[in-house]
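Taking it in order: structure first as structure tokens, then the write-up.
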Amino acid sequence: MIQLRPKNECMFDQISLGEVMLRLDPGEGRIKTARQFRAWEGGGEYNVARGLRRCFGYKTAILTAFADNEIGRLIEDFILQGGVDTSFIKWLPYDGIGRTTRNGLNFTERGHGVRGAVGVSDRGNSAISQMKPGDFDFDYLFGTLGVRWLHTGGIFAALSENSAAVTIEAVKAAKKYGTVVSYDLNYRPSMWKSIGGQEKAQTVNKEIAKYIDVMIGNEEDFTACLGFEIEGNDENLVALNLDGYKKMMAKAAKAYPNFKVMATTLRSVKTATVNDWAAMCWANGEIYFSKKYDGLEIMDRVGGGDSFASGLIFGLMETADPQVAVNYGAAHGALAMTTPGDTSMASRKEVEALMGGAGARVQR
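As numbered in our numbering, residues 2 to 365 make up the sequence shown, in order.
Shown next as structure tokens:
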């Protein structure tokens, strides 16, 4: 199983490498007809660090970069409110118009009923996409300061050729110093289509996969990014053929013997606001299935998978028990989708109560 560095040797329990964007949310309305937006921060890799900090109390940090302007400082302020360490943020000069570098924006509407959620990213030429190997001092971070767990993912790796190279540099350095590495495949066709499509995604992700301890991704991610397909599956993922998943993960484990754990969320979409939700993970050749949340009512599905990842990581770090870990992940992801924004507003107490079967009765 997973071997963690001792806590007393490390300054940080966990760090994330990735882009943090300003999310602009029209609330119950539509992006194309909005007259006002609520601002949040969010990003697949960052959301994991924030969940581990705010919900589970770990000391976490973010490795990212911003253009040094008022938008960048606004995102930094959100990160500071979330308690994630900002010491390693790189600040790039802003040219006044964004020709050379800018901060990423993410317009996201939540969807409702038969109308699905919609996301429109505006992140080209962002500061973090321009970071090159050598820009972050990984030897100092992992070797001198010490980090128990690194998390990054396929969204960051897809931003640019530089981002893919920095990801590979980071995971190699983490392994050199005994830091556990998790990776969320998070395949987004729109992000890869102009830089080589699925073929390029597989080339990049297959290289990164060689250094990963905990691989996270749904059935599309494993197929698109690593080339493993599930046999006998259907659209109802929560009632899926577990044998098909087990066979797929066995193939992945054979191809990548460094994988200690593989995990995925399982979602059956009834409407944009009602899903069946669960999760599963593979460890030591066995499949562990979480508690199911049938008919889960969703306020905002964005970030549910990231909150699953942070709950899973917490469970693995605290208990080393994959069954407990996947239950932490599923419960945390479920709770995160009952509140607005990318990031979790849940507490550890709430997560553990839900894991134990607590209902939604009013608390007074």
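Glycine included, C-beta positions come from ideal geometry on N, C-alpha and C.
Inset, instruction - Express the C-alpha separation of residue 258 and residue 113 in angstroms, rounding to a whole number. - result: 42 Å
Inset, instruction - Kindly indicate which residue of 105, 67 and 171 has the alpha-carbon position closest to the one of residue 16. - result: 171
Legend entry - Run of the alpha helix (DSSP H) containing residue 191, from where it starts to where it stops: 190-193
Legend entry - Other residues of its chain near residue 308: CB distance less than 6 Å, five sequence neighbours each side excluded: 52, 333, 334, 337 and 345
Inset, instruction - Could you name the residues that DSSP lists as bridge partners for residue 131? - result: DSSP, once it has assigned bridges, lists no residue as partnering residue 131.
Inset, instruction - Report all residues from its chain with a CB closer than 6 Å to the CB of residue 144; omit the five preceding and five following residues, and keep chain order. - result: 178
Legend entry - residue 314 vs residue 152 beta-carbon contact at 8 Å: yes
Legend entry - Backbone CA spacing between residue 357 and residue 254 [nearest angstrom]: 31 Å
Legend entry - Distance CB(residue 22)-CB(residue 75) smaller than 8 Å: no
Inset, instruction - State the beta-bridge partners of residue 1 as determined by DSSP. - result: Since the first and last residues shown for the chain are 2 and 365, residue 1 lies out of range.
Legend entry - Cβ pair residue 5, residue 149 closer than 8 Å: yes
Inset, instruction - Pick out the complete alpha helix (DSSP H) segments inside the segment 328-358, 4 residues or longer, and give them in chain order. - result: 349-356
Inset, instruction - Let me know the beta strand (DSSP E) ranges lying completely inside the segment 68-114, each 3 residues or longer, listed in chain order. - result: 91-93 and 106-110
Inset, instruction - Could you name the residues of the same chain whose beta carbon sits closer than 8 Å to that of residue 77, not counting the 5 residues immediately before and after it, in chain order? - result: 67, 87 and 90
Inset, instruction - For residue 123, name the three-state secondary structure that DSSP assigns. - result: strand
Legend entry - residue 20, buried or exposed, once every other Cβ within 10 Å from all chains shown has been counted against 16: buried
Inset, instruction - Could you tell me which of 288, 154, 138 and 306 sits nearest to residue 322, measuring between CA atoms? - result: 288
Inset, instruction - Measure the beta-carbon distance from residue 310 to residue 49 and round it to whole angstroms, keeping in mind my assumption that it falls under 8 Å. - result: 5 Å
Legend entry - C-beta atoms of residue 279 and residue 331 nearer than 8 Å: yes
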